[in-house]
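S.K.: This structure is in structure tokens; I'll ask about it shortly.
Residue numbers (the working numbering), protein chains in the order written: chain A, 262 to 631; chain B, 44 to 350.
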């Protein structure tokens, strides 16, 4: 047991004496959360709208006012003719433009049909789409008000009211906090365990450990313990940051969330060990972790692309990525506030992976050199 | 009668198509310094790894202190000390931390076995808190030796301990080894330096994965069947070629700043060789009889194997 404790202490010394390790283990999670939180935001705030129309027309004025009052939109100026729009986009003075037809107000009242055109900057399709839908929303509410005003009574109309449950403000942080959590825990556990074991292979110290009477299993476990603790610290710091800085709530049981994280961490540690067995240099280990773990986790975790819209074959592939299941659990427990029952399937898949990987990796860890 | 500390029989090992070891057999007696002498790539490190249970041989068997190197690997790992060829301690841990760690791994403490390593450790103790990576080559080697000795092993395996170490430290190191031997530890050491062979009690010369000669340094040298001349001249390379053509010359090798010429005394002699050289235009040559060294024997034995 003393041998084991000494090995754990030794491993901690390796971690704390290497600035790069500390940087990856302690600073990166914080930076990633903040980066995803503020820089990589898919929300549209304060979109600049230019318009083109006759301001003496009271209907035009009303619509423009309404746009300006919307908290996501802001009127930045009036254009004399529609052909100026391109200039506005080129000089980056507006994100979208609204054009009112001549005799907008008159047509509206007389025939009930008035022309209005929304022009968006398609070079950024996601933002353009978002702004267009905001504008449509504003115009349609204006339209129903006018309808009431003209006929004096409520016409039969269906106005869908969209409500986003669990995330009413459509904050992207609700999506990336679970994703980053999965990514970081996987990175810390798999990559750092793999690298730390392969480093001992490279420097030849593994030879000395193997000729000592200490059982290889203990050597492995003593290497895993420090990273387990590190990931616990990271788990806590991500939760605190996302709660207090990103204002993402923890709606479900914190205990269930931590338990799921523990299962996921064990899976990742086992993966790291497996990688260390098959790679002979630190560079190989890093490459396998980067290409084999980080990339798929990024792609299949839903941080960037939704899994559901992928070709079926890729969806099957995403099923074998542990991070995917963990991220689903985090979303369910943290955001939706679900209990044990609803994550039972994901949790058992993750636990199954953990047991399988741990068995395989410990079995394949050799007590001798190849 | 003394027991054999190491007995290995017909050990062979291949890496893919490369035959690293072809049927090595050796016996090492208890309490002696046994040297494994051979050039780089001869298979020394592979043999060390097999004897220290780090690798399995393809065929053959062996035992260290009566324990089988394959079956009893767990027991064996308690009683051997191993110092790999490359400096293999934790560079980011201090001298003391390294030593403490290895002591703990072997279920002991530095204090318990301080006497065992005192002589070597006292030389690096002033730097106890320095990181191992910041030590000089000689001090690193001493630290590695301490770490290999801290659990009082019965057999100490040292793989090329003096490679890359300066001449003074090398001499120091061999003095340390004889004191370790005096404390009752069997030492199995490899080196590519032939001049260190004389420091061993017994030797095995290894080349291309095969043992080409064993015995005490005296025995090996006495088996040299020819007489030996050192020859000096102004144009050394043409001289070497000319010497190889001379009648009765068995072999000729560049040896430092002179040539070592092995000749058959029944056919030729020093004067006849000098005469032959003078006839060929090498008039300013000097020659002297010399006694063969282990290196001369190694060259002869490996040449013979090639034929």
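Every residue gets a Cβ at the ideal spot worked out from N, C-alpha and C, and that includes glycine.
Per DSSP, residue 298 of chain B is paired with what?
M.R.: DSSP, once it has assigned bridges, lists B:301 as partnering residue 298 of chain B.
S.K.: Are the region 184 to 203 of chain B and the region 138 to 149 of chain B touching by the rule of at least three beta carbon pairs closer than 8 angstroms?
M.R.: yes
S.K.: Is the beta carbon of residue 250 of chain B sitting closer than 7 angstroms to the one on residue 85 of chain B?
M.R.: yes
S.K.: What would DSSP say about residue 270 of chain A, mapped onto helix, strand or coil?
M.R.: helix
S.K.: Could you pull the start and end residues of the alpha helix (DSSP H) that residue 180 of chain B belongs to?
M.R.: 180 to 192 is the extent of the alpha helix (DSSP H) around residue 180 of chain B.
S.K.: Would you kindly work out how many angstroms separate the C-alpha atoms of residue 297 of chain A and residue 434 of chain A, rounded to a whole number?
M.R.: 8 angstroms
S.K.: Is DSSP giving residue 540 of chain A helix, strand or coil here?
M.R.: coil
S.K.: Kindly indicate the opening and closing residues of the alpha helix (DSSP H) around residue 606 of chain A.
M.R.: 601 to 625
S.K.: I'd like to check one pair, residue 78 of chain B with residue 87 of chain B: are the Cβ atoms closer than 7 angstroms?
M.R.: no
S.K.: Flag residue 62 of chain B as yes if its beta-carbon sits less than 7 angstroms from any beta-carbon of chain A, otherwise no.
M.R.: no
S.K.: Considering only residues of the same chain and omitting the five flanking positions on each side of residue 398 of chain A, which have a CB-CB separation below 6 angstroms?
M.R.: none
S.K.: For residue 377 of chain A, collect the residues of the same chain with a Cβ closer than 8 angstroms to its Cβ; drop the 5 residues on either side in sequence, then sort them by chain order.
M.R.: 324, 359, 360, 361, 362, 365, 400
S.K.: Indicate the three-state DSSP secondary structure (helix, strand or coil) for residue 350 of chain B in the structure shown.
M.R.: Only weak support is given to the placement of residue 350 of chain B: the predicted model assigns it a pLDDT of 45, under 50, and the value that follows is read from those uncertain coordinates. Coil, per DSSP.
S.K.: Kindly indicate which residue of A:507, A:559, A:598, A:558 has the alpha-carbon position closest to the one of residue 295 of chain A.
M.R.: A:507
S.K.: Using CA coordinates, which residue listed in A:624, A:520, A:621 is at the minimum distance from residue 605 of chain A?
M.R.: A:520
S.K.: Can you check DSSP and say which residues form a bridge with residue 62 of chain B?
M.R.: The partner list for residue 62 of chain B (beta bridge, DSSP) reads B:57.
S.K.: Within a Cβ cutoff of 7 angstroms, which residues of the same chain sit near residue 319 of chain A, ignoring the five residues on either side of it in sequence?
M.R.: Taking residue 319 of chain A as the centre and dropping the five residues before and after it, the same chain places the C-beta of 366 closer than 7 angstroms to its C-beta, in chain order.
S.K.: Measure the C-alpha to C-alpha separation of residue 52 of chain B and residue 195 of chain B and round it to an integer number of angstroms.
M.R.: 27 angstroms
S.K.: Residues of the region 461 to 493 of chain A with a CB closer than 8 angstroms to any CB of chain B: list them in chain order, please.
M.R.: 464, 465, 466, 468, 469, 470, 471, 472, 473, 474, 475
S.K.: State the Cα-Cα distance for the pair residue 237 of chain B and residue 218 of chain B, rounded to the nearest angstrom.
M.R.: 17 angstroms
S.K.: State yes or no: is the C-beta of residue 56 of chain B nearer than 6 angstroms to some heavy atom of the ligand NAD?
M.R.: Ligands in the displayed structure: none, and consequently the ligand NAD is not present.
S.K.: Which partner residues of residue 482 of chain A appear in the DSSP bridge assignment?
M.R.: In the DSSP output, where bridge partners are listed per residue, residue 482 of chain A has none listed.
S.K.: Residue 267 of chain A versus chain B: which residues are under 8 angstroms apart at the beta carbon?
M.R.: 143, 144, 147, 148
S.K.: If you reduce the DSSP assignment to three classes, tell me which class residue 153 of chain B lands in.
M.R.: coil
S.K.: Cα-Cα, which of B:324, B:83, B:231 is closest to residue 277 of chain B?
M.R.: It is B:324.
S.K.: Examine chain A for any beta-carbon lying closer than 7 angstroms to the beta-carbon of residue 157 of chain B, and answer yes or no.
M.R.: no
S.K.: Under 8 angstroms Cβ-Cβ, which residues of chain B neighbour residue 279 of chain A?
M.R.: 135
S.K.: If I measure Cβ to Cβ from residue 62 of chain B and keep anything under 7 angstroms in the same chain, skipping five residues before and after, which residues do I get?
M.R.: The residues are 252.
S.K.: So what does DSSP say about residue 97 of chain B, is it helix, strand or coil?
M.R.: coil
S.K.: On the DSSP letters alone, give me the boundaries of the alpha helix (DSSP H) that residue 434 of chain A sits inside.
M.R.: For residue 434 of chain A, the enclosing alpha helix (DSSP H) stretches over residues 434 to 447.
S.K.: Output needed for residue 626 of chain A: all residues of its chain with C-beta closer than 7 angstroms, excluding positions within five of it in sequence on either side, in chain order.
M.R.: 477, 481, 534, 538
S.K.: Rounded to a whole number of angstroms, what is the C-alpha to C-alpha distance between residue 425 of chain A and residue 464 of chain A?
M.R.: 55 angstroms
S.K.: Give the interface partners of residue 204 of chain B over in chain A, defined as CB-CB distance under 9 angstroms, in chain order.
M.R.: The premise fails here: residue 204 of chain B is roughly 14 angstroms from chain A at the closest Cβ pair, so nothing lies under 9 angstroms.
S.K.: Give the single residue among B:126, B:68, B:197, B:336 whose Cα lies nearest to the Cα of residue 239 of chain B.
M.R.: Relative to the Cα of residue 239 of chain B, the nearest Cα in the group B:126, B:68, B:197, B:336 belongs to B:336.
S.K.: Sorted by chain position, which residues of the same chain lie with C-beta nearer than 6 angstroms to residue 267 of chain B's C-beta, five sequence neighbours on each side aside?
M.R.: So the list reads 335, 340, once near-sequence residues are dropped.
S.K.: By the three-class DSSP mapping on this structure, what secondary structure does residue 111 of chain B have?
M.R.: strand
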